[in-house]
Amino acid sequence: MYCKEVQTSRQGCAVAPKVRSPCISTEFECHDRMTCVHKAWVCDGDRDCPDGGDEAPEICRGNVTCRLDQFQCKDHSSRTMTVCDKRTEFDCGGGMCIPISKVCDKKPDCPNFEDEPKDRCGENECAKNNGGCSQRCVDTPVGYYCDCDKGYKLADNRTCEDVDECLDAGACSQMCINEKGTFKCECHAGYARDPRDRTRCKATEGHPSLLFARRFDIRKISLDHHEMVAIVNDTKAPIDEGTQRTVVIGDQLITSDGLAVDWIYNHLYWTDTGKNHIELADLQGNMRKILIRDRLEEPRAIALNPLDG
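In the UniProt record's numbering, the protein residues as written are 1 to 309.
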C-alpha cells in the first residue's frame, strides 16, 4: 500500500503497482532490482550481487552451499580444505599431506605416527578380490585406492562408469557418438574427418572462405586472399549509417571495448579494458552499475544470452 500523505488508516491509500522483476525463474534478484544471478550462486560463499545480498546472513543462515573442496563450519561459513593427491601423497589428517615415499620408512612424519602403522606396512590389499575395485587396484605402502581405465571414472571410489566425452564442449567439431570407454566423431554430408585431427571435419568440395561485414554490405574473401566478392548488397538497415545517433554514456570511461544489448529487459552491458570492469546500465544510460570488477584482466568481447541469464 502507498499513500500521498501519512495517515493513521488505510483510507485513501491505493495499491502500490507491482514492480516487474528483471530476473527469470532460475535467477535470484539482487537488492538493486537490476542485477540477476543464478540461484546456484546464492549462499555459495562468493559475493555475486553488487552489495553481496546473495550471501546475506538472513538468507544463508544454515543454508550455505559448500563446494566439493570445502566443508561447512559451525558458524555456517565455508573454508577450503586441503585434499591430498592419493597417487603421490599420504593424508595425515587435519589437512596435512606428506610424500608417499615417507610412508612406512620407519621414520614418523605425521603428528600421530599415522604414516607408520605397524600392522599395515607392506600389506597388499589388492591381492584379495582386487581390493573390491571394478577395474584397477593400486596398492600403496599403507592402504590402496581404485583407479579406472581411460574413458572411465570412479562412481563410488570402487566402481568405474563410462565417461560421456560428448558432454565436453568441442569434443567433436560436428557429430559426437559416445561409446563404452571411448567416443567417435562423425561428419555431416559434404564433410569428411580431417586426417590430421580425427575430431575435426573439413569440407570435401569447394574452397574455404571468410565472411565479414563492412559498412554497407557483407563480403566473402578466400583464405588465400586472391578473391573478394560482395554476397549481400541489399541490407535492410545500414551497418554504419545511423542518422539519429545519441550518446548514451560518455563519462567515467577509459577504454570501452565489448558491447552487448539485452533486448528483453533493456539492459546494456559493456567491458572496459582500462578499468578492468564489466558494467551495465539501462538503454538510456541510467541505473549504471559495475557488474564484475574482480579477477579481470583486460576484458574485451562480451556475449549475452538473455533467455538463460
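Where is the CB? At the ideal position from N, CA and C, for every residue including glycine.
All of these numbers come straight from a predicted model, not from anything done at the bench.
Contact check, residue i vs residue j, beta carbons under 9 Å
{"i": "residue 186", "j": "residue 176", "result": "yes"}
{"i": "residue 270", "j": "residue 278", "result": "yes"}
{"i": "residue 125", "j": "residue 93", "result": "no"}
{"i": "residue 260", "j": "residue 221", "result": "no"}
{"i": "residue 183", "j": "residue 201", "result": "no"}
{"i": "residue 51", "j": "residue 30", "result": "yes"}
{"i": "residue 296", "j": "residue 266", "result": "no"}
{"i": "residue 32", "j": "residue 49", "result": "yes"}
Rounded straight-line distance, which links the Cα of residue j to that of residue i
{"i": "residue 35", "j": "residue 280", "result": "9 Å"}
{"i": "residue 42", "j": "residue 294", "result": "18 Å"}
{"i": "residue 231", "j": "residue 217", "result": "8 Å"}
{"i": "residue 44", "j": "residue 227", "result": "54 Å"}
{"i": "residue 246", "j": "residue 290", "result": "22 Å"}
{"i": "residue 174", "j": "residue 192", "result": "10 Å"}
{"i": "residue 195", "j": "residue 149", "result": "26 Å"}
{"i": "residue 138", "j": "residue 128", "result": "12 Å"}
{"i": "residue 163", "j": "residue 151", "result": "5 Å"}
{"i": "residue 171", "j": "residue 181", "result": "14 Å"}
{"i": "residue 189", "j": "residue 168", "result": "23 Å"}
{"i": "residue 250", "j": "residue 58", "result": "39 Å"}
{"i": "residue 262", "j": "residue 268", "result": "6 Å"}
{"i": "residue 298", "j": "residue 272", "result": "7 Å"}
{"i": "residue 98", "j": "residue 197", "result": "41 Å"}
Contact test: residue i Cβ vs the ligand ZN heavy atom, cutoff 8 Å
{"i": "residue 230", "result": "Summarising the ligand content, the structure contains no ligands, and the ligand ZN is consequently not present."}
Start and end residues, alpha helix (DSSP H) containing residue i
{"i": "residue 60", "result": "57–60"}
Exposure of residue i, with buried meaning 16 or more beta-carbon neighbours within 10 Å
{"i": "residue 284", "result": "exposed"}
{"i": "residue 111", "result": "exposed"}
{"i": "residue 305", "result": "exposed"}
{"i": "residue 206", "result": "exposed"}
{"i": "residue 55", "result": "buried"}
{"i": "residue 224", "result": "exposed"}
{"i": "residue 37", "result": "buried"}
First through last residue of the beta strand (DSSP E) which encompasses residue i
{"i": "residue 99", "result": "96–99"}
{"i": "residue 34", "result": "Looking at the DSSP string, residue 34 is not in any beta strand (DSSP E), and its letter there is neither H nor E."}
{"i": "residue 119", "result": "Unbroken run through residue 119: none, as it is neither H nor E."}
{"i": "residue 228", "result": "228–232"}
{"i": "residue 281", "result": "277–282"}
{"i": "residue 274", "result": "First-last for residue 274: undefined, no H or E at that position."}
{"i": "residue 179", "result": "175–179"}
{"i": "residue 152", "result": "152–154"}
{"i": "residue 146", "result": "144–147"}
{"i": "residue 183", "result": "182–186"}
{"i": "residue 88", "result": "Note, residue 88: premise wrong, no beta strand (DSSP E); not H, not E."}
{"i": "residue 216", "result": "Here residue 216 belongs to no beta strand (DSSP E), and DSSP marks it neither H nor E."}
{"i": "residue 264", "result": "Run containing residue 264: none; DSSP gives neither H nor E here."}
Chain B contact for residue i (CB, 9 Å cutoff)
{"i": "residue 42", "result": "In the structure shown, chain B does not exist; there is a single protein chain."}
**Request:** Would you check if the region 112–129 and the region 87–103 touch, i.e. whether three or more CB-CB distances between them fall below 8 Å?
**Result:** The region 87–103 is in contact with the region 112–129.
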